[in-house]
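J.: Shown below is the structure under consideration.
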Amino acid sequence: MKLPKRKQVSGSPPATTIMFLSLFLFFLSMIVSILIVNKGIKPVLMNYAEVRIEQIANQAMGIAVNDKISEDLETEDLLEVRVDENGKVVNYVFNAVVENRVQRNVQYRVENFLKMLEQGTRPEIGIPVEMDLELDENEKEALEDIREHGLLTEIPLGQTLGIPLLGNLGPKVPVHMEVIGHVATEITSSLVETGVNGAFIHVNVHIEVEIRVVMPFASKPVNVKQDIPVTKVYHPGEVPYYFNQNKEDAPDLSLPIDPTLDP
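So the mapping is simple: my numbering equals the position in the sequence shown, first residue as 1, plus 377.
As structure tokens, this is what we get:
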């Protein structure tokens with residue numbers, strides 16, 4: 378006589394298997410969440426870092442140029458005035474020797490200041506490159522820590538929320554700067570008309586350098602440009618016989634006749 382077959386009841390999986398699957402799903406969801414959050418906050422943090430680094434670099438370039446130019450440069454040395462036989466100003470030309478010297482000095486000082494920024498040292502206004510800052514003990518320790526880590530600025534993660542009250546909350550992301558290109562300098566000029574017969578000649582130093590904003594999870598090259606005023610010269614022109622500011626409705630009037638012309 379055949380006995381009836383008994384149904385086999387499958388038991389529950391072992392506790393170790395359940396724990397392993399739970400941990401696997403937990404870590405997988407955590408990694409996916411981190412990647413999603415990182416993708417969202419990465420461009421925001423990079424934009425903040427880019428703006429901050431540009432501000433610091435522009436400040437350093439301004440400090441490097443303004444004081445040195447005001448000390449070493451005279452306007453009449455840079456611009457040569459050319460006149461005709463009657464003593465009237467014909468044009469202005471740059472003195473090539475002085476122009477090259479200014480560009481070289483500006484480039485040298487800007488490069489030195491950018492090297493200080495790479496080391497994490499932010500120069501203060503009015504402090505030349507060669508001088509040492511007088512700091513107290515706490516400031517010296519902080520400065521040495523900055524130089525050791527090469528840290529230029531920090532951005533709190535709360536900045537990514539866009540809420541001012543929470544802007545300083547959360548861990549701070551360190552931001553570094555690297556100079557990846559040489560400093561390019563050029564003396565430029567522009568003419569700005571003023572009044573009826575006058576004009577101002579603006580002379581600037583154009584500085585351009587390529588730097589890289591470095592964060593723990595990303596980096597981005599940034600091209601920093603700045604025009605720093607050097608001098609401004611007023612050029613008086615000849616007074617015209619007739620001047621009409623409204624070109625469409627010209628008044629009916631007679632112009633003076635030049636007595637030197639033949640009838």
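Just so you know, even glycine gets a beta-carbon here, dropped at the ideal spot from N, CA and C.
1. Here's the rule: buried if 16 or more other CB atoms are within 10 angstroms of the residue's CB, otherwise exposed. What is residue 546?
2. Going by DSSP, name the residue or residues bridged to residue 412.
3. Can you tell me which of the three DSSP states residue 533 falls into?
4. Quick check: the Cα distance between residue 608 and residue 487, rounded to an integer number of angstroms?
5. How is the beta strand (DSSP E) around residue 577 delimited, first residue to last?
6. By a C-beta neighbour count over all protein chains shown, 10 Å radius and 16 as the cutoff for buried, is residue 407 buried or exposed?
7. Under 8 Å by Cβ, that's how I've got residue 470 and residue 457 pegged, so tell me the actual separation to the nearest angstrom.
8. Let me know if residue 559 comes out buried or exposed under the rule of 16 or more other beta-carbons within 10 Å of its beta-carbon.
9. For residue 523, name the three-state secondary structure that DSSP assigns.
10. Apart from the five residues on each side of it in sequence, which residues of its chain come closer than 6 Å, Cβ to Cβ, to residue 511?
11. Alpha carbon to alpha carbon, how far is residue 485 from residue 411?
12. Return the residue from the list 397, 398, 425 and 392 that minimises the CA-CA distance to residue 549.
13. Does DSSP put residue 560 in a helix, a strand or coil?
14. Looking at the secondary structure, which residues open and close the beta strand (DSSP E) in which residue 600 lies?
15. Rounded to a whole number of angstroms, what is the C-alpha to C-alpha distance between residue 461 and residue 561?
16. In angstroms, rounded to a whole number, what distance separates the CA positions of residue 568 and residue 600?
17. Does DSSP put residue 476 in a helix, in a strand, or in coil?
18. Nearest-angstrom Cα distance between residue 394 and residue 409?
19. Is there a Cβ of chain C sitting closer than 8 Å to that of residue 550, yes or no?
20. Quick one: Cα of residue 591 to Cα of residue 570, how far?
21. Would the beta-carbon of residue 553 be found less than 7 Å away from any heavy atom of the ligand HEM?
22. Residue 579 and residue 606 - do their beta-carbons sit closer together than 8 Å?
23. By how many angstroms is the C-alpha of residue 434 removed from the C-alpha of residue 405?
24. When you compare the CB positions of residue 476 and residue 491, do they come within less than 8 Å of one another, or not?
25. Measuring CA to CA, which of 588, 397 and 402 is closest to residue 428?
26. Residue range of the beta strand (DSSP E) that residue 546 falls in?
27. So for residue 488, helix, strand or coil by DSSP?
T.: For this structure:
1. exposed
2. Its beta-bridge partners do not exist; DSSP assigns none.
3. strand
4. 19 Å
5. 575-592
6. exposed
7. 5 Å
8. exposed
9. The pLDDT assigned to residue 523 is 44, lower than 50, so where the model puts this residue is not dependable, and the model offers no usable value.
10. Unreliable placement is indicated for residue 511, whose pLDDT of 43 sits below 50; the coordinate value is still reported in the next sentence. Correct list: empty, nothing qualifies.
11. 44 Å
12. 425
13. coil
14. 595-613
15. 36 Å
16. 26 Å
17. helix
18. 22 Å
19. Given the protein chain composition of this structure (a single chain), no chain C is represented.
20. 44 Å
21. The ligand HEM is not part of the structure shown, which contains no ligands of any sort.
22. yes
23. 41 Å
24. no
25. 588
26. Careful: residue 546 lies outside any beta strand (DSSP E) and carries neither H nor E.
27. helix
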